[in-house]
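Engineer: Positions in the sequence shown are counted from 1; adding 1153 to them yields our numbering. Handing you a structure now.
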Amino acid sequence: MSESAQYWLQTGLRALAQENYTHAAQCLEKSLFERQGKPWNRCSFAEQAIFFERSCTVPDALPLHKLHHDLAQLDYLLSTQKLPLPVFAQVQANLERVIQSLAERFPKCALTELLMLSPQEQDLLRPFWGRLLYFESAPPFEGPFFSEYLDSERISWSYQHNQPGFAFADQILSLPLLETLRSFMLSSTIWHDYQRGGYVGAYLPNGFCTPLLLQLAQELRKTFPKILGPYPLSLMWGYKYDSQHPGVGIHADSGGQVNVNFWLTPDEANLEPERGGLIVYDVMAPDDWDPRKYNLEDIVQGPCKAYTVPYQYNRALFFNSGLFHASDQFKFQPGYLQRRLNLTMLFGIRNKSAEEQKLLHWVSV
């Protein structure tokens, strides 16, 4: 990372800690563009002329599910004319060739398995791999954030009476806001984190940060003061899942205080309506939580309860971040627009007083 990119990243994180969200979004975007290149839709004509001259670092190994996602997203951007086909047809062809080559060389591999790339395959990916091809700005939102049916007092009461903190809200966001969030997550090519659970991820320092998302965090704190009031935003991320993979295993986001988890794919995509959501265990991660020191299966198979919350479009879960939780088994329809979309916001720092929360430092999860 260049000194300039590092400067803008650190400045943005300090602004975030001070709740200066407008400045934070501006600084984090500058850092992102310096690290991953300015996206096509933000480039001048002169910058577009040399867009593919930047050499990119390609990893030694990749899973097929990541490549399938990137090709499906590019197909979507081309079909919606957000990116021009004459310019990006070669990118599309190169992704198809690499996928075909890996499938031929590793005919029995799982989609989530890391596969070693040949030098030829790396060369096909080098002009664009890890680049920010398209970035949807998602500016501040002017309409209502929440549904007229939202009963914030009931949700807050439920959270406080289900200790150490658990509740969920249905039909929470307004439909215009939902569509804006979905468009940002479907369109922006920020999904550079890939996991063996068959999903790709994007995090706040690396593109999952817009004025709209930060504004939503502020509105949540105003609407749910009894749950989130003392706790500033500490991290947020998005996950996009393949149609039927295990998802995220048992874990705890133990650096934070409250986890707010939104589901953003319409219910028609979910082939098993009673499944596909989240399993929350009534077991808190120890203060010195480190997954390398504990056997997770032993922890959750002891004398504890597991609460399964089925997937539902526009449902949000509020729970104490220290609680162990995991994705429930899910089966969604194939297709890019049917992928399970998950937005998570983490608020506060675990086991800190109200005054210490104001001195927020960056949370690692």
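Ideal placement from N, C-alpha and C gives every residue a C-beta, glycine not left out. Here the structure is a predicted model, which is why all the values come from computation and not from measurement.
Extract the residue ranges of the beta strand (DSSP E) inside the segment 1360-1419, only unbroken runs of 3 or more that lie entirely within it.
Structural biologist: Listed in chain order, they are 1386-1394 and 1411-1416.
Engineer: What does the Cβ neighbour count give for Tyr1302, buried or exposed, with the cut at 16 atoms within 10 Å?
Structural biologist: Exposed, by the Cβ-count rule.
Engineer: Can you give the Cα-Cα distance for Thr1497 and Ser1387, rounded to whole angstroms?
Structural biologist: If I take the Cα positions, the gap works out to 11 Å.
Engineer: Ala1469: beta carbon under 8 Å from a heavy atom of the ligand ZN?
Structural biologist: Ligands displayed in this structure: none; no statement on the ligand ZN is therefore possible.
Engineer: Since Phe1294 and Thr1333 are thought to touch, with beta carbons under 8 Å apart, how far apart are those beta carbons, to the nearest angstrom?
Structural biologist: Between Thr1333 and Phe1294 the Cβ distance is about 7 Å, and since that is below 8 Å, they are a contact.
Engineer: Look at the alpha carbon of Ser1309 and the alpha carbon of Arg1374, and state the distance between them as a whole number of angstroms.
Structural biologist: Computed Cα separation, rounded: 12 Å.
Engineer: In whole angstroms, what separates the C-alpha of Leu1328 from that of Ser1305?
Structural biologist: C-alpha separation (whole angstroms): 18 Å.
Engineer: Quick test of your reading: Val1211 and Arg1279, contact by CB under 8 Å. State the CB separation rounded to the nearest angstrom.
Structural biologist: Indeed they touch by this definition, with Cβ atoms about 5 Å apart.
Engineer: Three-state secondary structure (DSSP) at His1478?
Structural biologist: Correct three-state label for His1478: strand.
Engineer: How many whole angstroms separate the CB atoms of Tyr1466 and Ile1380, which I take to be in contact at a CB cut-off of 8 Å?
Structural biologist: Incorrect: roughly 22 Å between the Cβ atoms, too far for contact.
Engineer: For Ser1517, does the three-state DSSP call read helix, strand or coil?
Structural biologist: At Ser1517 the pLDDT is 39, less than 50, meaning the model places this residue with poor confidence and gives no usable figure here.
Engineer: Reducing DSSP to helix, strand and coil, say where Pro1317 ends up.
Structural biologist: Note: Pro1317 maps to coil in three-state DSSP.
Engineer: So what does Val1462 bridge to, in DSSP terms?
Structural biologist: In DSSP, Val1462 forms a bridge with Leu1431.
Engineer: If you check the beta carbons only, do Val1433 and Phe1319 fall under 9 Å apart?
Structural biologist: Cβ distance < 9 Å, so Val1433 and Phe1319 count as in contact.
Engineer: On the three-state DSSP scale, how would you describe Gly1296?
Structural biologist: If DSSP states are grouped into helix, strand and coil, Gly1296 belongs with coil.
Engineer: Provide the residue span of the alpha helix (DSSP H) that contains Asn1247, from first to last.
Structural biologist: Start and end: Leu1238 to Arg1258.
Engineer: When you compare only the Cα positions, how much space is there between Leu1421 and Ile1203?
Structural biologist: The question names Leu, yet the displayed sequence has Glu at residue 1421. Answer to the nearest angstrom: the Cα atoms are 42 Å apart.
Engineer: Taking a contact to mean a Cβ-Cβ separation below 9 Å, would you say Ile1252 touches Leu1224 in this structure?
Structural biologist: Going by C-beta atoms, Ile1252 is nearer than 9 Å to Leu1224.
Engineer: Are there 16 or more other CB atoms within 10 angstroms of the CB of Ser1184, so buried, or fewer, so exposed?
Structural biologist: Ser1184 comes out buried.
Engineer: For Phe1241, which residues from the same chain have a beta carbon less than 7 Å from its beta carbon, with the 5 sequence-adjacent residues on both sides left out?
Structural biologist: Hits under 7 Å: Leu1227 and Leu1231.
Engineer: Between the C-alpha atoms of Glu1182 and Lys1458, what's the straight-line distance to the nearest angstrom?
Structural biologist: One C-alpha to the other measures close to 42 Å.
Engineer: How many whole angstroms separate the CB atoms of Lys1532 and Leu1330, which I take to be in contact at a CB cut-off of 8 Å?
Structural biologist: Residue 1532 lies beyond the range of the chain shown here (1154 to 1518); nothing can be said about it.
Engineer: Output the distance between the C-alpha atoms of Ala1199 and Pro1383, rounded to the nearest integer angstrom.
Structural biologist: Distance between the alpha carbons of Ala1199 and Pro1383 is about 47 Å.
Engineer: Tyr1489 lies in the beta strand (DSSP E); which residues open and close that run?
Structural biologist: It is not in any beta strand (DSSP E) - Tyr1489 carries neither H nor E in the DSSP assignment.
Engineer: Should Asp1395 be labelled buried (16 or more other beta-carbon atoms within 10 Å of its own) or exposed?
Structural biologist: Buried, by the Cβ-count rule.
Engineer: Report the option in Asp1276, Ser1340 and Pro1297 whose CA atom is closest to the CA atom of Gln1368.
Structural biologist: The shortest C-alpha separation from Gln1368 is found at Pro1297.
Engineer: Just to check my reading of the structure: Trp1390 and Tyr1464 have Cβ atoms closer than 8 Å, yes? What is that Cβ distance to the nearest angstrom?
Structural biologist: Not confirmed; about 18 Å, so no contact.
Engineer: Which residues does DSSP list as the beta-bridge partners of Asp1213?
Structural biologist: DSSP, once it has assigned bridges, lists no residue as partnering Asp1213.
Engineer: Looking at chain E, is there any beta carbon in it that lies within less than 9 Å of the beta carbon of Glu1332?
Structural biologist: The structure shown has no chain E; it contains just one protein chain.
Engineer: Out of Tyr1489, Ala1479, Pro1487 and Phe1471, which one is the CA nearest neighbour of Leu1499?
Structural biologist: Of Tyr1489, Ala1479, Pro1487 and Phe1471, the residue nearest in Cα terms is Phe1471.
Engineer: Got a sec, what are the start and stop residues for the alpha helix (DSSP H) Arg1335 sits in?
Structural biologist: Counting along the chain, the alpha helix (DSSP H) containing Arg1335 begins and ends at Leu1328 to Ser1340.
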